[in-house]
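In what follows, a structure is listed as structure tokens, so that the remarks can point back to it.
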Amino acid sequence: MQLIKDQQIIDNTWQFIADTDELKSGDISMPLARWQGEKPQLLAHDGKLGVRISSADSVDELADDLEKLQLIELDFPDFADGRLFSQAWLLRGRYDYHGEIRAIGHFIPDQVFYLARVGVNAFSPETSEELPEIINKLKDFTVNYQSSIN
Amino acid sequence: MYQYTDTDQTLVDERVAQFRRQTEQFLKGELSEDHYRALRLRNGVYIQTHAPLLRVAGPYGLLNSKQVRKLAHIARFYDKKYCHFTTRQNIQFNWPKLETIPDILAELASVQMHSIQTSGNCMRNTTTDHLAGVCVDEIEDPRPYCEIIRQWTTLHPEFDYLPRKFKIAVSGALHDRAATQFHDIGLHLVKNAEGEVGFKVIVGGGLGRTPIIGQVIKPYLEKKHLLSYLEAILRIYNLYGRRDNKYKARIKILVKESSLAKFSALVDKEWSHLKDNNELSSERIAAMCAQFSAPAYDDGAVDDQSFAQQQAADQAFATWVKHNTANHKVSGYRAAFVSLKAPDSPPGDMTDDQLDAVADLADTYSFGEIRVTHRQNLILADIKQADLYSLWQKLAELKLATPNIGTATDMICCPGLDFCSLANAGSIGIAKEINEALDDMDYIHDIGDLKINMSGCMNGCAHQSVGHIGILGVDKKGTEWYQLTLGGSSENNAAIGERLGPAVAKDQITQAIVTILDVYIKQRLEEESFLDMVNRVGITPFKEQVYATH
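Taken in order, these protein sequences are the chains called P and C. Counted the way the numbering used here counts, the first sequence spans residues 1 to 150. Counted the way the numbering used here counts, the second sequence spans residues 1 to 550.
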């Protein structure tokens, strides 16, 4: 599965483990609850660590853990649910997070320009046909009116 | 008025190109109905009963003659030779073809106009006092702040997918003509004890299904903090506003359910992180104020003697002056309303020829500027008193001089069942019927100040809940009925109208209005307005008569 990171199409190297899945080797991301519940074991893991958050989660709960996390996935339940735009802004603007922020789930290519502005730097669309479209739509505007992350 | 910089023009042009691509993708079947819907709404495109509807932004109601001529051109070539002015000081076209809308937007961009965020769950067109900059009771001109807010809200990357739509209004005068207490955020320019001007911030007001009067969240906010404070409110709303039920998704419900104190604490905590990093500089404010500097008024305008003579000689002119003009801060000038409430025309509508003619009148008499009011009329704000007579004659020829501003026939009316896919009942037809029943101008002038607002459904586009008389169309088993309320107001004395009783049948509604007005005429005290009387006696005397005859 391919995705876009920093405006390039790359292969995904991360695996997701749900709450009840066995731990896998390599780079893994997991739901917020699992991270919070198994932090000591997970910190001993040999790959990189990431957390997947949904709209209702609060990134405030990750504030003290961000240095340990190389990936935050924002899982869009529905493209119209705009909470994750603010969560992305908070990760970058409030908590100074420098790792990868990846949009996954039901976002749409027409949102990527805004998502990039609030600090999302990776996009994993539902179909690979959307990859070139996303690269193009990241360039929808050359100007803006207000400060944000980018 | 504000002139676009290269940045403004580029942004609007790029938005047109973006929407053109999106529309092409949709028409080729490459973009789903659901996704395209969200995108077109953010460009003011609804799909209505008969055709798409395009809502064009009238930034805080201010237009120039070139823009109005462009609206005439669009009405003529892309639509059915008319357009409609709305309560958000916007402009609607009812019949454009979807595939031509990108071309219409390109035409608008050529005169520094757009339709960005005029619908959808995002920050909408900021509205203000239609007499901003010319009224006599002004603390400071609100328009520079409206433009600053317009820019901040436009294509805001974080707040384009809010729980629900979000509306901001700004008032700079003592008399609130912008209904600020019924907005998601209302801003009042106020002076503090030291004589400095800042903002009183009101939050959580709104109309629609659940009308709520806004509450003061910040009695005084320094100007430099305007955008950081708005950002704090919007972030809290975006994160915590309800998304499970669209009827409970407006910020008014969040404020009500969490309490103002708790909401305010959340906002203050968020703001504490932002306020020192994102200040509005005094240079930026001064530069924006310079964009709205006063036009070159004629010092000699006040010396004119003809105005008084013409009023004395021509009673019809005097009547028009009394009802359709307003005091101006510069002696010798008045603001003149262009009434879009002629008896035989749908409220707020204007033809292509009327638009062109009013653009010419603005160039001749009013520094080329035209304003849209939130009661769906226009204003030429800077008319020399010596010019009022000839302006009046020309407006009368255009059927734009009905002397009814602020009276019973100056109704706010939504498009209703005739055009809108949401409506339960007709409104334009009822407005016409009421107009016909109240065809005696002397009677209307005797009734005096009266705001009748009529919406064809609960969404309340015509603000019926704050009408002195509110009329709400409801559907009862497939037939159209009308719910009446009395005593609403969107001004300083904000109030939500009280329900009179059971809904009235379509063929009875006009008689009910006439009955209400008869009760007023018979029971009013000397010099007592309709609203004052309702506040004094309550709804009972009206109720007894309306339901006695039905």
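Backbone N, C-alpha and C define an ideal beta-carbon position, used for all residues, glycine too.
Do residue j and residue i have their beta-carbon atoms positioned less than 7 angstroms apart in this structure?
{"i": "residue 467 of chain C", "j": "residue 488 of chain C", "result": "yes"}
{"i": "residue 462 of chain C", "j": "residue 420 of chain C", "result": "no"}
{"i": "residue 476 of chain C", "j": "residue 409 of chain C", "result": "no"}
{"i": "residue 389 of chain C", "j": "residue 310 of chain C", "result": "yes"}
{"i": "residue 239 of chain C", "j": "residue 34 of chain P", "result": "no"}
{"i": "residue 146 of chain C", "j": "residue 170 of chain C", "result": "yes"}
{"i": "residue 153 of chain C", "j": "residue 113 of chain C", "result": "no"}
{"i": "residue 307 of chain C", "j": "residue 393 of chain C", "result": "no"}
{"i": "residue 62 of chain C", "j": "residue 334 of chain C", "result": "no"}
{"i": "residue 14 of chain C", "j": "residue 113 of chain P", "result": "no"}
{"i": "residue 302 of chain C", "j": "residue 264 of chain C", "result": "no"}
{"i": "residue 111 of chain C", "j": "residue 181 of chain C", "result": "no"}
{"i": "residue 179 of chain C", "j": "residue 490 of chain C", "result": "yes"}
{"i": "residue 81 of chain P", "j": "residue 48 of chain P", "result": "no"}
{"i": "residue 81 of chain C", "j": "residue 351 of chain C", "result": "yes"}
{"i": "residue 76 of chain C", "j": "residue 359 of chain C", "result": "no"}
{"i": "residue 232 of chain C", "j": "residue 270 of chain C", "result": "yes"}
{"i": "residue 118 of chain C", "j": "residue 198 of chain C", "result": "no"}
{"i": "residue 474 of chain C", "j": "residue 503 of chain C", "result": "yes"}
{"i": "residue 556 of chain C", "j": "residue 541 of chain C", "result": "Only positions 1 to 550 of chain C appear in this structure, which leaves residue 556 of chain C out of reach."}
How far does the alpha helix (DSSP H) with residue i in it reach, from first residue to last?
{"i": "residue 288 of chain C", "result": "282-290"}
{"i": "residue 26 of chain P", "result": "First-last for residue 26 of chain P: undefined, no H or E at that position."}
{"i": "residue 317 of chain C", "result": "315-324"}
{"i": "residue 414 of chain C", "result": "Note, residue 414 of chain C: premise wrong, no alpha helix (DSSP H); not H, not E."}
{"i": "residue 75 of chain C", "result": "65-78"}
{"i": "residue 329 of chain C", "result": "Residue 329 of chain C -> no alpha helix (DSSP H), and no H or E assigned at all."}
{"i": "residue 483 of chain C", "result": "Element bounds for residue 483 of chain C: not the alpha helix (DSSP H) but the beta strand (DSSP E), 479-486."}
{"i": "residue 82 of chain C", "result": "Where residue 82 of chain C is concerned, there is no enclosing alpha helix (DSSP H), although the beta strand (DSSP E) it sits in stretches over 82-85."}
Taking Cβ-Cβ distances shorter than 9 angstroms, what residues in chain C pair up with residue i?
{"i": "residue 141 of chain P", "result": "10, 11, 14, 15, 18, 155"}
{"i": "residue 121 of chain P", "result": "Simply none; closest approach about 14 angstroms."}
{"i": "residue 97 of chain P", "result": "Here the premise fails: no neighbours, minimum Cβ distance about 15 angstroms."}
{"i": "residue 102 of chain P", "result": "Within chain C, no residue comes near residue 102 of chain P; the closest Cβ sits about 17 angstroms away, beyond 9 angstroms."}
Below 8 angstroms on the Cβ atoms is my guess for residue i versus residue j; work out the distance and round it to an integer in Å.
{"i": "residue 516 of chain C", "j": "residue 537 of chain C", "result": "With 8 angstroms as the limit, residue 516 of chain C and residue 537 of chain C do not qualify as a contact, their Cβ atoms being about 12 angstroms apart."}
{"i": "residue 162 of chain C", "j": "residue 121 of chain C", "result": "5 angstroms"}
{"i": "residue 291 of chain C", "j": "residue 46 of chain C", "result": "Rounded, the Cβ-Cβ distance is 32 angstroms, inconsistent with contact."}
{"i": "residue 285 of chain C", "j": "residue 223 of chain C", "result": "6 angstroms"}
{"i": "residue 138 of chain C", "j": "residue 173 of chain C", "result": "5 angstroms"}
{"i": "residue 278 of chain C", "j": "residue 337 of chain C", "result": "At roughly 39 angstroms, the Cβ-Cβ gap does not stay under 8 angstroms, so residue 278 of chain C and residue 337 of chain C are not in contact."}
{"i": "residue 362 of chain C", "j": "residue 398 of chain C", "result": "Going by Cβ atoms, the distance from residue 362 of chain C to residue 398 of chain C rounds to 13 angstroms, so no, they are not a contact pair."}
Strictly below 8 angstroms CB to CB, what residues from chain P border residue i?
{"i": "residue 161 of chain C", "result": "79, 80, 81, 82, 85, 111"}
{"i": "residue 278 of chain C", "result": "147"}
{"i": "residue 249 of chain C", "result": "What residue 249 of chain C touches in chain P: nothing, since even the nearest Cβ is about 11 angstroms away."}
Within the continuous beta strand (DSSP E) that includes residue i, where are the two ends?
{"i": "residue 265 of chain C", "result": "Premise fails: residue 265 of chain C lies in the alpha helix (DSSP H), 260-274, not in any beta strand (DSSP E)."}
{"i": "residue 56 of chain C", "result": "52-56"}
{"i": "residue 73 of chain P", "result": "71-76"}
{"i": "residue 429 of chain C", "result": "Premise fails: residue 429 of chain C lies in the alpha helix (DSSP H), 428-437, not in any beta strand (DSSP E)."}
{"i": "residue 93 of chain C", "result": "91-93"}
{"i": "residue 381 of chain C", "result": "378-384"}
{"i": "residue 85 of chain P", "result": "No beta strand (DSSP E) holds residue 85 of chain P; the alpha helix (DSSP H) holding it covers 83-89."}
{"i": "residue 12 of chain P", "result": "Segment: none, residue 12 of chain P is in no beta strand (DSSP E) and carries neither H nor E."}
Could you list which residues in chain C have their beta carbon closer than 8 angstroms to that of residue i, in chain order?
{"i": "residue 94 of chain P", "result": "273"}
Which residues in chain C have a C-beta closer than 7 angstroms to the C-beta of residue i? List them in chain order.
{"i": "residue 144 of chain P", "result": "155"}
{"i": "residue 108 of chain P", "result": "35"}
{"i": "residue 89 of chain P", "result": "158"}
Who are the neighbours of residue i on chain P, taking C-beta pairs under 9 angstroms?
{"i": "residue 238 of chain C", "result": "82, 83, 85, 86"}
{"i": "residue 151 of chain C", "result": "145, 146"}
{"i": "residue 235 of chain C", "result": "86, 89, 90"}
According to the neighbour-count rule (16 or more other Cβ atoms, all chains shown, within 10 Å of its Cβ), is residue i buried or exposed?
{"i": "residue 369 of chain C", "result": "buried"}
{"i": "residue 22 of chain P", "result": "exposed"}
{"i": "residue 121 of chain P", "result": "buried"}
{"i": "residue 40 of chain P", "result": "exposed"}
{"i": "residue 451 of chain C", "result": "buried"}
{"i": "residue 97 of chain C", "result": "exposed"}
{"i": "residue 403 of chain C", "result": "buried"}
{"i": "residue 159 of chain C", "result": "buried"}
{"i": "residue 73 of chain P", "result": "buried"}
{"i": "residue 512 of chain C", "result": "buried"}
{"i": "residue 435 of chain C", "result": "buried"}
{"i": "residue 98 of chain P", "result": "exposed"}
{"i": "residue 209 of chain C", "result": "exposed"}
Output, in chain order, the set of chain P residues within a Cβ distance shorter than 7 angstroms of residue i.
{"i": "residue 243 of chain C", "result": "81"}
{"i": "residue 22 of chain C", "result": "110"}
Notebook entry, point to check: For the region 32-58 of chain P, which residues have a beta carbon sitting closer than 7 angstroms to at least one beta carbon of chain D?
Noted result: Protein chains in the displayed structure are P and C, and chain D is not among them.
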